[in-house]
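Its first residue numbered 5, the sequence shown is counted upward by one per residue in the working numbering.
We put the CB at the ideal spot given by N, CA and C, even for glycine.
What you are looking at is a predicted structure, and each value in this text was computed from that prediction instead of being measured.
The structure under discussion appears below in the form of structure tokens.
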Amino acid sequence: MYLLLLLFHIFVILVIFVIVNNFSKKIIINLIFGSLLFSTFISIFLVYEVVYLNSFCYIELGSWFNAGSLGLTWTFYFDKLTVLMVFLILMISFLVHCFAYDYLRYDPHLIRFLILLSIFTIFMEVLVTAGTTVQLFLGWEGVGLMSYLLINFWFTRYYAANSGLMAIIYNRIGDVGVLLAISILFLFTGTFNFINLILITKIICLMQFKVLFFYVSVIDIVTFLLFLGTIGKSAQIFLESWLSQAMEGPTPVSSLLHASTMIVSGAFLLQRFQFYIIHSFPSMCLIAIIGGITALFAGTNCLITMDLKKIIAYSTCSQMGYLVFCSGIAKFDIAFFHLINHAFFKCLLFISAGVLIHSFFNEQDIRKYGGLVKMFPFVWIILIIASLSLMGIPFLSGFYSKEKIIEYSFYIYNSNNLIAFWFANLSAFLTAVYSMRLLAYGFLNLPNNYKRHYEVLHLEFPNIINIVLFILGLGAIFSGFFLNDLLMGLSTDLFNYTSNYLSIYVLNIHLGNFHLNFLTFKYTILGILIYLKIIFYKKNLIYYFIIFIILVIKYFYLNNNLLKNFDSNSLLKNIYFFFSKKWFINYIYNSYITQIVFYLGYSFTFKIMDKGYLEFFSFFFFIKNNNYITNFLNYKLYKFNYFEEILFLIVLTFFIYFYFFLNIINYNHLLIFFLFAVPKKRKSIKSFFF
């Protein structure tokens with residue numbers, strides 16, 4: 005039953021590849037949806053068996069490959085974290101498939117798109133159920149590859165092709181970090197198996213290696229490299245530029261990408277390796293600070309952006325910052341709880357936005373919307389529910405997790421985490437502001453587009469879309485309430501396999517300080533009130549945010565007379581310019597880092613290495629000078645006509661000797677040598693061999 009969850013899905017995709025040209029489109033679509041629905045029902049059974057009945061399953065399916073003493077097997081690891089994650093992936097994926105069928109109904113490449121979405125889901129299942137680090141890396145790379153193919157689905161569009169390349173190149177940096185972490189773990193432990201890695205956690209904590217004149221802890225290096233992978237996949241600051249550009253793909257791709265697959269895979273990596281992260285204090289501080297800064301950075305970008313999908317994309321970046329920040333303070337149960345809640349309301353936001361874009365002639369600029377309340381009343385209600393859940397309004401799903409994240413972060417007695425705590429607070433305030441901004445531009449403002457567009461607006465969409473929105477709306481409302489006690493607090497043993505995690509549960513007692521309770525709700529109300537003030541005065545949004553920050557700094561930290569000499573207009577313009585340029589991160593990359601990398605790549609790697617030493621000392625040297633060498637040897641051998649044939653027989657003899665007698669090459673693999681010899685021109689050549 006456990007393996008059927010994944011293998012049945014893979015089997016159906018392989019069958020589709022065989023019959024895709026012989027059967028109708030309807031049969032193939034039914035196979036895809038049937039396999040997804042069947043896997044989803046199996047995942048519900050596994051949730052009952054593993055989570056409710058408190059069981060565990062570890063399966064070794066068979067040999068993967070053998071190379072000398074290294075042997076890998078297909079291993080699957082079903083604990084509570086895995087089963088809940090698989091259920092979330094399959095359910096969100098099924099709903100996104102339903103939306104994709106309507107969204108691309110008249111696209112000639114609909115079948116290709118649905119197959120790519122299904123393979124995307126399969127690779128995410130492989131990543132989540134992996135029992136070894138190598139198998140996890142296989143799923144990790146597969147998710148990155150499929151995201152490139154899906155973002156670049158409309159490959160004839162210039163921006164779509166560039167966005168796909170940008171996504172896969174940025175993720176290469178994180179992939180290198182994960183690969184190095186896996187390699188270092190294998191070098192010091194000799195195993196790829198997760199269970200073995202958990203059991204020897206205390207031993208790895210004591211391991212060190214020397215770098216120059218310093219001793220470095222193995223666990224610090226491994227956790228830092230793993231977090232580098234999270235920065236790339238979960239679009240944290242400094243590697244987040246690809247996220248907004250990925251909106252060039254179809255909206256179903258954005259919905260699945262942000263809700264339960266690629267963006268979430270980086271946060272899941274921290275969940276899977278939490279038994280190492282809690283033993284590395286420097287990495288935890290770094291994770292908390294990067295997460296807090298990312299949440300604030302994405303919030304400021306949402307204030308500037310006018311593209312509907314990019315606003316929701318940056319809100320994903322902000323919520324991933326919350327997840328990473330929560331992992332940095334060792335509250336993995338709350339982080340996973342927020343991951344589940346986020347999947348529901350983020351998928352709901354993207355599908356609602358996709359309905360609007362699809363009905364409004366593919367228009368994504370929110371300044372050209374307005375007056376859509378009467379035309380899309382159901383979508384308006386759904387967007388309000390999703391936005392309020394994103395803000396953290398009591399008692400929707402986002403409130404239960406966001407409130408706990410901010411509340412507990414204040415009680416972690418560390419100055420670095422306190423800085424991240426204030427970043428998270430500012431991000432909560434900004435979330436309310438840009439969510440209200442999105443609703444106001446789209447629905448509350450006066451109509452701001454061509455009259456003809458409103459007259460011929462596509463107001464009808466299939467009932468399946470209404471059902472999808474309704475199911476996700478229920479999740480955005482009730483998931484936090486029903487999963488609160490299951491995933492958090494003393495009532496759960498979801499993460500009981502970690503070595504010293506029980507000591508952290510002391511913080512799960514309800515905090516009695518009224519000033520720290522309902523922090524998210526307070527910042528949300530403040531953001532809503534400020535935005536209503538902005539609507540009343542018709543001013544720019546960012547100006548009021550900057551004034552608010554300056555007043556807070558002035559009130560708490562600076563002398564009252566210190567800000568009197570500031571030119572407020574020039575200051576606000578400079579800060580607005582800074583935010584509009586996305587903190588100049590892309591400018592620094594393009595102006596400095598990219599130029600240096602290109603210069604070193606051309607001057608050193610290409611000219612000196614590739615075209616220099618590597619060609620001179622490799623077989624290219626013999627290929628280029630083959631005629632000179634053979635002519636010289638033939639001259640020395642007094643025009644011996646069969647020199648090349650004898651040389652080939654000598655090389656073949658050495659190969660057979662090494663292969664069969666010295667056993668250097670593994671018998672499970674076949675290594676073939678090709679020797680290309682240029683024969684000497686003769687008047688008549690019958691053959692190389694007699």
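With H, G and I counted as helix, E and B as strand and the rest as coil, what does DSSP make of GLN212? One-based indexing of the sequence shown puts residue 212 at position 208. GLN212 falls in the strand class under three-state DSSP.
Taking the beta strand (DSSP E) that ASN70 falls in, what are its first and last residues? Locating residue 70 in the sequence shown gives position 66, where the first residue counts as 1. Unbroken beta strand (DSSP E) run through ASN70: 61-71.
For a quick check, are the C-beta atoms of ALA347 and ALA263 less than 8 angstroms apart? In the sequence shown, the residue the question calls residue 347 occupies position 343. In the sequence shown, the residue the question calls residue 263 occupies position 259. Contact flag set, yes.
Suppose contacts are defined by Cβ-Cβ distances below 8 angstroms. Is MET170 in contact with TRP246 by that definition? What you label residue 170 is simply residue 166 of the sequence shown in a count that begins at 1. What you label residue 246 is simply residue 242 of the sequence shown in a count that begins at 1. Yes, Cβ-Cβ distance for MET170 and TRP246 is below 8 angstroms.
Could you tell me the distance, in whole angstroms, from the CA atom of SER167 to the CA atom of ILE123? Working through the sequence shown from its first residue, we reach residue 167 at position 163. Working through the sequence shown from its first residue, we reach residue 123 at position 119. Computed Cα separation, rounded: 20 angstroms.
Touch test, the region 57-72 against the region 323-342, Cβ-Cβ under 8 angstroms, three pairs minimum: no
In or out: ILE291 buried (at least 16 other Cβ within 10 Å) or exposed? By 1-based counting over the sequence shown, the position of residue 291 is 287. Counting every other CB atom within 10 Å of its CB across the protein chains shown gives ILE291 a total of 16 or more, marking it as buried.
Could you compute how far the alpha carbon of SER39 sits from the alpha carbon of PHE91? Here residue 39 refers to the residue found at position 35 of the sequence shown. Here residue 91 refers to the residue found at position 87 of the sequence shown. C-alpha separation (whole angstroms): 14 angstroms.
For SER439, which three-state DSSP category applies? What you label residue 439 is simply residue 435 of the sequence shown in a count that begins at 1. Looking at SER439 - three-state DSSP - the assignment turns out to be helix.
Following the continuous beta strand (DSSP E) through GLY75, name the residue where it begins and the one where it ends. Residue mapping note: residue 75 aligns to position 71 of the sequence shown, counting from 1. Note, GLY75: beta strand (DSSP E), 74-82.
I need the straight-line Cα distance from PHE336 to GLN278, nearest angstrom please. Sequence index remark: in the sequence shown, residue 336 carries index 332 (1-based). Sequence index remark: in the sequence shown, residue 278 carries index 274 (1-based). Those two C-alpha atoms are separated by around 8 angstroms.
Is the region 294-303 close to the region 111-126, with three or more CB pairs under 8 angstroms? no
In or out: ALA657 buried (at least 16 other Cβ within 10 Å) or exposed? By 1-based counting over the sequence shown, the position of residue 657 is 653. Ala is not the amino acid found at residue 657; the sequence shown has Thr there. THR657 should be labelled exposed.
For GLY396, name the three-state secondary structure that DSSP assigns. If you number the sequence shown from 1, residue 396 lands on position 392. It is coil, neither helix nor strand.
Residue range of the alpha helix (DSSP H) that includes SER259: Taking the sequence shown and counting its residues from 1, the one referred to as residue 259 is at position 255. Element bounds for SER259: 255-263.
Which first and last residues belong to the beta strand (DSSP E) in which SER356 is found? To locate residue 356, count along the sequence shown from 1; it is residue 352. Counting along the chain, SER356 falls outside any beta strand (DSSP E), though it belongs to the alpha helix (DSSP H) covering 336-363.
Give me, in chain order, the residues of the same chain whose beta-carbon lies closer than 8 angstroms to that of ASN449; leave out the 5 immediate sequence neighbours on both sides. The residue you call residue 449 lines up with position 445 of the sequence shown. TYR373, GLY374, GLY375, listed in sequence order.
Taking all protein chains shown into account, do 16 or more other C-beta atoms lie within 10 angstroms of the C-beta of PHE518, making it buried, or fewer, making it exposed? Locating residue 518 in the sequence shown gives position 514, where the first residue counts as 1. Because PHE518 carries a pLDDT of 38, less than 50, the predicted location of this residue cannot be relied on, and no value is offered for it.
Suppose you measure from the CA of LEU184 to the CA of TYR110; what does that come to, to the nearest Å? Locating residue 184 in the sequence shown gives position 180, counting from the first residue. Locating residue 110 in the sequence shown gives position 106, counting from the first residue. Approximately 45 angstroms, taken between the alpha carbons.
Quick one: grab the DSSP three-state call for VAL100. Sequence index remark: in the sequence shown, residue 100 carries index 96 (1-based). Helix, per DSSP.
If distances are taken between C-alpha atoms only, which option among ASN578, PRO256, ILE385, THR265 comes closest to TYR107? Sequence index remark: in the sequence shown, residue 107 carries index 103 (1-based). Minimum Cα distance to TYR107 is reached at PRO256.
Give me the Cβ distance between GLN275 and LEU85, rounded to the nearest whole Å; I'm assuming they're in contact under 8 angstroms. Here residue 275 refers to the residue found at position 271 when the sequence shown is read from its first residue. Here residue 85 refers to the residue found at position 81 when the sequence shown is read from its first residue. Correct: roughly 6 angstroms between the Cβ atoms.
Going by DSSP, which residues form a beta bridge with VAL147? Taking the sequence shown and counting its residues from 1, the one referred to as residue 147 is at position 143. DSSP, once it has assigned bridges, lists no residue as partnering VAL147.
Would you identify the three-state DSSP class for VAL182, choosing helix, strand or coil? For the purposes of this step, residue 182 is taken as the residue at position 178 of the sequence shown. Helix at VAL182.
How is ASN474 classed by DSSP in three states: helix, strand or coil? In the sequence shown, residue 474 corresponds to position 470, counting from 1. Here residue 474 is Phe; the residue named in the question, Asn, does not match the sequence. It is helical.
At 4 residues or longer, and completely inside the region 260-291: list those alpha helix (DSSP H) runs for me, N to C. 266-276, 278-281
Using only CA atoms, which one of ILE17, ILE14, LEU9, VAL22 lies nearest to PHE42? Numbered from its first residue, the sequence shown carries residue 42 at position 38. Of the candidates ILE17, ILE14, LEU9, VAL22, the one whose C-alpha sits nearest the C-alpha of PHE42 is LEU9.
Near TYR541, which residues of its chain fall below 8 angstroms by C-beta distance, leaving aside the five closest residues on each side in sequence? The count along the sequence shown starts at 1 and reaches residue 541 at position 537. Only weak support exists for where TYR541 lies, its pLDDT of 48 falling under 50; the value from the coordinates is given anyway. Excluding positions up to five away in sequence, the list is empty.
If we count the other Cβ atoms within 10 Å of its Cβ and call it buried at 16 or more, is TYR81 buried or exposed? Taking the sequence shown and counting its residues from 1, one reaches residue 81 at position 77. Per the 10 Å Cβ criterion, buried.
Using beta-carbon positions only, say whether PHE196 and VAL138 come within less than 8 angstroms of one another. Against the sequence shown, residue 196 aligns to sequence position 192. Against the sequence shown, residue 138 aligns to sequence position 134. Their beta carbons are under 8 angstroms apart, which means PHE196 touches VAL138 by this criterion.
Determine whether the beta carbon atoms of ILE341 and MET128 lie at a separation below 8 angstroms. On the sequence shown, residue 341 is found 337 positions in, with the first residue counted as 1. On the sequence shown, residue 128 is found 124 positions in, with the first residue counted as 1. The residue asked about is misnamed: residue 341 is Phe in this sequence, not Ile. No. Outside cutoff.
Rounded straight-line distance, which links the Cα of MET266 to that of ILE315: Taking the sequence shown and counting its residues from 1, one reaches residue 315 at position 311. Taking the sequence shown and counting its residues from 1, one reaches residue 266 at position 262. Using only the alpha carbons, I get a separation of about 18 angstroms.
Just checking my contact of LEU490 with PHE364 at CB under 8 angstroms: how many whole Å lie between their CB atoms? Within the sequence shown, residue 490 is the residue found at index 486, counting from 1. Within the sequence shown, residue 364 is the residue found at index 360, counting from 1. So it is not a contact: roughly 40 angstroms between Cβ atoms.
Just how far apart, CA to CA, sit SER258 and TYR163? Position 254 of the sequence shown holds residue 258. Position 159 of the sequence shown holds residue 163. Cα to Cα, the separation comes out at about 15 angstroms.
How long is the line joining the alpha carbons of GLY616 and TYR593, rounded to whole angstroms? Walking along the sequence shown from the start, residue 616 turns up at place 612. Walking along the sequence shown from the start, residue 593 turns up at place 589. Between GLY616 and TYR593, the C-alpha separation is close to 29 angstroms.
For TYR219, which residues from the same chain have a beta carbon less than 6 angstroms from its beta carbon, with the 5 sequence-adjacent residues on both sides left out? Locating residue 219 in the sequence shown gives position 215, counting from the first residue. The answer, listed in chain order, is GLN212.
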